[in-house]
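In numbering that gives the first Met the number 0, the protein residues as written are 0 to 452. Each remark here refers to the structure printed beneath this line.
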Amino acid sequence: MAMFLATAASSLHVHASAPARACAPQMQAQNGVKTTTAQAGVVTPTGRKVEDSDYARVWQLNRNANTELELYRVQEEFRTLKERVSPTRRATFIAPFLVVSAYSGYVAVTAPDFDFPGLDSIKEAVRKLRIDGPAERANNLYFPGSLGSSVVDHLVAATLEKRGYTAGNTLFATSTCPDEVNTRVGELTDLLKIRWGENFGLGGLGGVPFTGKAGFSAYAHHVPDQGKMFILFAPHVGVEFDGKVGALRRVNQADVSTACGAAIGAYNGIIKDFEKEKKEKAFDVGDDAAYGVVAGLDDAFDAQIQFIKSRLRARLKGIEDSPDRITYVTYAMYSLVREFFIDELLLAPGVWDFAGEVTVLGGIMINRGKGGDRFQPLLFQTRTQEAGSTVDLYEQTFGQLPDLTPALGEGQALVDEFFDYDLETTGERWEEKLKEMQVKERLMKERMTRKEA
Ligand SMILES: [Zn+2]
């Protein structure tokens with residue numbers, strides 16, 4: 000701008016001192032602007048007729064300078080506009096949108112039900128980089144065939160969708176331990192709840208369906224008309240970083256704790272009772288009691304743990320020959336939960352008042368510190384009200400049933416009868432064993448009392 004004014008001033012000076020001469024009107028280019036050279040006789044805006052040719056030239060030059068100034072202003076405006084849309088300038092506008100879309104992307108990807116084909120394979124590959132080796136080995140040895148939560152959710156959904164199960168016609172229920180580790184975000188019960196809708200909780204301590212026949216009936220009466228019941232029953236067990244079965248490090252706790260606390264507590268309580276009976280010593284409250292609850296005391300307030308203790312005992316025969324005691328207890332708990340669950344299904348009044356079909360997924364939930372939980376499917380069956388209508392969905396969904404011999408030991412009764420169970424089997428078998436055991440115990444006690452007398 001300053002440079003232009005200097006040029007204009009110098010040309011004004013040169014022309015002003017030049018000798019007067021009359022010029023014919025002619026077009027000439029000056030600084031890219033076409034101008035008309037002035038001549039004597041022009042009329043100024045004030046109405047004054049200028050006869051002096053030098054004065055007329057100066058007046059004309061001023062007009063040219065104004066035009067050029069106008070052009071300069073237009074160029075300036077254009078340059079400002081250009082700057083506004085320059086990449087750096089654009090970035091300041093685009094950056095907030097990028098931040099918002101990146102955050103939205105992050106929220107979508109980290110949602111527990113985020114999904115696309117092949118995601119499970121990626122998850123498994125990433126998981127292998129994070130897990131604790133000893134925990135993974137113990138998991139695979141004692142709970143063979145266990146899978147990631149998301150894999151189970153997908154496999155189950157594929158089978159159920161083929162059978163016409165939708166979130167609209169299905170009511171989902173669980174019989175799992177109330178322990179908070181079983182409802183972790185992104186793990187099996189959470190994923191199934193997201194997929195199928197609400198969750199009717201049937202389970203008490205250890206995953207035993209303590210809501211009973213009344214609870215089961217209530218659940219059955221909430222199912223959509225001619226709808227479907229889909230129920231997951233699963234005891235749980237922790238497998239910690241060092242491969243110890245029954246241990247779990249919980250969020251913001253320095254020490255490991257037991258999982259399932261109810262199952263292990265009941266087992267320890269049984270051992271303690273057994274030792275007490277043998278030694279006939281006074282029973283002292285120790286860490287071994289189930290959550291510090293002593294058998295025989297506060298029974299009414301601790302119905303669940305006392306019930307587990309009374310029913311678990313008959314199933315622990317052979318535990319001393321098993322490779323890992325807590326593993327054995329866990330499978331015994333599974334057998335206990337399955338028995339009571341299926342008994343309730345068979346005996347609860349009005350189960351078929353609304354639902355046309357029930358599908359049951361049974362297994363063991365393995366809570367892990369790193370790399371997410373695992374689920375070992377052990378039963379996947381469906382049936383209608385009609386007796387003998389049970390269809391086994393296990394093989395088409397998960398493949399072959401796992402061999403439990405390495406986990407439980409050779410020749411164990413628990414192994415032999417393990418998979419010999421379906422949605423039509425009543426728990427009489429165990430009831431008989433329990434009765435036999437109770438008779439034996441009573442006889443033994445009577446004998447001891449007689450000896451003392
Ligand atoms: Zn538990």
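Built from N, CA and C at the ideal position, the CB exists for glycine as well. These numbers come from a predicted model, not from an experiment.
If you draw a straight line from the C-alpha of Ala101 to the C-alpha of Ile341, how long is it? Translated into the one-based positions of the sequence shown, residue 101 becomes position 102. Translated into the one-based positions of the sequence shown, residue 341 becomes position 342. Their backbone Cα atoms lie some 48 Å apart in a straight line.
From the DSSP output, in three-state form, read off Phe171 for me. Walking along the sequence shown from the start, residue 171 turns up at place 172. Of the three classes helix, strand and coil, the one that applies to Phe171 here is strand, per DSSP.
Going by DSSP, what residue range makes up the alpha helix (DSSP H) through Ser103? Working through the sequence shown from its first residue, we reach residue 103 at position 104. Run containing Ser103: 86-109, per the alpha helix (DSSP H) assignment.
Helix, strand or coil: how does DSSP classify Asn366 here? The sequence position of residue 366 within the sequence shown is 367, counting from 1. Residue state, collapsed to three classes: strand.
Comparing the CB of Ala258 with every heavy atom of ligand 1, is any distance shorter than 7 Å? Along the sequence shown, read from residue 1 onward, the residue named residue 258 stands at position 259. Under cutoff, so the answer is yes.
Within the region 380-414, note down every full alpha helix (DSSP H) run reaching 4 residues or more, in order along the chain. Here the runs fully enclosed are 393-397, 404-407.
Quick one: Cα of Asn198 to Cα of Met332, how far? On the sequence shown, position 199 is the one that residue 198 refers to. On the sequence shown, position 333 is the one that residue 332 refers to. In a straight line, the C-alpha of Asn198 is about 22 Å away from that of Met332.
Residue span of the beta strand (DSSP E) that contains Gly226, given as start and end: In the sequence shown, residue 226 corresponds to position 227, counting from 1. 226-233 is the span of the beta strand (DSSP E), which, as asked, contains Gly226.
Contact between the region 413-423 and the region 150-164 (3+ Cβ pairs under 8 Å): Touching, no.
Could you check the C-alpha separation between Val454 and Phe306 for me, to the nearest Å? Residue 454 falls outside the range modelled here, since the chain spans only 0 to 452, and no answer is possible.
Going straight from the alpha carbon of Leu344 to that of Val350, what length do you get? Position 345 of the sequence shown, counted from the first residue, corresponds to residue 344. Position 351 of the sequence shown, counted from the first residue, corresponds to residue 350. Leu344 and Val350: Cα-Cα distance of roughly 7 Å.
Coarse secondary structure for Leu311, derived from DSSP in three states: Looking up residue 311 in the sequence shown gives position 312. Three-state result, Leu311: helix.
Quick check: does the Cβ of Asp301 come within less than 7 Å of any heavy atom belonging to ligand 1? Against the sequence shown, residue 301 aligns to sequence position 302. No; taking the cut-off as 7 Å, the Cβ of Asp301 has no heavy atom of ligand 1 nearer than that.
Alpha carbons only, please: which of Gln375, Thr165, Gln437, Ala302 is nearest the one belonging to Phe229? Locating residue 229 in the sequence shown gives position 230, counting from the first residue. Nearest C-alpha to Phe229: Thr165.
Check Leu377 in the structure and name its three-state DSSP category. As a first step, residue 377 must be located in the sequence shown, where it is residue number 378. The answer is strand: DSSP assigns Leu377 an E or B state.
Distance, Cα to Cα, Gly205 vs Val106? Translated into the one-based positions of the sequence shown, residue 205 becomes position 206. Translated into the one-based positions of the sequence shown, residue 106 becomes position 107. Distance between the alpha carbons of Gly205 and Val106: 34 Å.
The region 394-414 contacting the region 252-272, beta-carbon criterion three pairs below 8 Å: no
Less than 8 Å between the CB atoms is what I'm expecting for Leu191 and Phe171, so what's the real figure, rounded? Position 192 of the sequence shown, counted from the start, is the residue given in the question as residue 191. Position 172 of the sequence shown, counted from the start, is the residue given in the question as residue 171. Right, the Cβ-Cβ distance comes to about 6 Å (below 8 Å), so this counts as a contact.
Roughly how many angstroms lie between the CA atoms of Lys227 and Thr87, to the nearest whole one? Along the sequence shown, read from residue 1 onward, the residue named residue 227 stands at position 228. Along the sequence shown, read from residue 1 onward, the residue named residue 87 stands at position 88. C-alpha separation (whole angstroms): 59 Å.
Using only the alpha-carbon positions, how far apart do Leu413 and Ile121 sit? Counting from one through the sequence shown, the residue named residue 413 turns up at place 414. Counting from one through the sequence shown, the residue named residue 121 turns up at place 122. Taking the straight line joining both Cα atoms gives about 36 Å.
From what residue to what residue does the alpha helix (DSSP H) around Ser334 run? Reading the sequence shown from its first residue, position 335 is the one you call residue 334. From DSSP, the alpha helix (DSSP H) with Ser334 extends over 324-346.
In DSSP terms, what Thr358 is bridged to: Counted from its first residue, the sequence shown places residue 358 at position 359. Answer is Phe229, Thr381.
Taking the alpha-carbon positions, what's the Phe142 to Arg310 distance? In the sequence shown, residue 142 corresponds to position 143, counting from 1. In the sequence shown, residue 310 corresponds to position 311, counting from 1. If I take the Cα positions, the gap works out to 23 Å.
Hey, could you find the ends of the beta strand (DSSP E) Val255 is sitting in? Locating residue 255 in the sequence shown gives position 256, counting from the first residue. Segment 255-257, the beta strand (DSSP E) holding Val255.
Can you tell which of Gly46, Glu394, Ala124, Lys369 has its C-alpha closest to the C-alpha of Gly237? Taking the sequence shown and counting its residues from 1, the one referred to as residue 237 is at position 238. Of Gly46, Glu394, Ala124, Lys369, the residue nearest in Cα terms is Lys369.
Is the beta carbon of Phe374 less than 8 Å from the beta carbon of Leu146? Numbered from 1 along the sequence shown, position 375 holds the residue referred to as residue 374. Numbered from 1 along the sequence shown, position 147 holds the residue referred to as residue 146. In contact: Phe374 and Leu146 (Cβ atoms closer than 8 Å).
Ligand 1 heavy atom lying under 7 Å from the CB of Asp372: Locating residue 372 in the sequence shown gives position 373, counting from the first residue. Incorrect: Asp372 has no Cβ contact closer than 7 Å to ligand 1.
Could you please give the first and the last residue of the uninterrupted alpha helix (DSSP H) stretch that includes Gly260? On the sequence shown, residue 260 is found 261 positions in, with the first residue counted as 1. 260-278 is the span of the alpha helix (DSSP H), which, as asked, contains Gly260.
Suppose you measure from the CA of Gly203 to the CA of Asp301; what does that come to, to the nearest Å? Indexing the sequence shown from 1 puts residue 203 at position 204. Indexing the sequence shown from 1 puts residue 301 at position 302. When rounded, the distance between both Cα atoms is 12 Å.
Looking at Thr175 and His221, is the spacing between their C-beta atoms short of 8 Å? Translated into positions along the sequence shown, residue 221 becomes position 222. Translated into positions along the sequence shown, residue 175 becomes position 176. Result no, Cβ atoms of His221 and Thr175 do not sit closer than 8 Å.
Assign Glu67 to buried or exposed, taking buried as 16 or more other Cβ atoms, counted over all protein chains shown, within 10 Å of its Cβ. Numbered from its first residue, the sequence shown carries residue 67 at position 68. The residue in question, Glu67, is buried, as its Cβ has 16 or more Cβ neighbours within 10 Å.
Mind checking whether the beta-carbon of Gly349 lies closer than 7 Å to any heavy atom of ligand 1? The residue you call residue 349 lines up with position 350 of the sequence shown. No, the Cβ of Gly349 stays beyond 7 Å of every heavy atom of ligand 1.
Which residue wins for smallest C-alpha separation from Gly260, given the options Val73, Phe232, Thr329, Asp241? Within the sequence shown, numbered from 1, the residue matching residue 260 stands at position 261. Comparing Cα-Cα distances from Gly260 to each of Val73, Phe232, Thr329, Asp241, the minimum goes to Thr329.
Within the same chain, show all residues whose beta-carbon is closer than 7 Å to that of Gly200, passing over the 5 residues directly before and after it, in chain order. Sequence index remark: in the sequence shown, residue 200 carries index 201 (1-based). Thr173, listed in sequence order.
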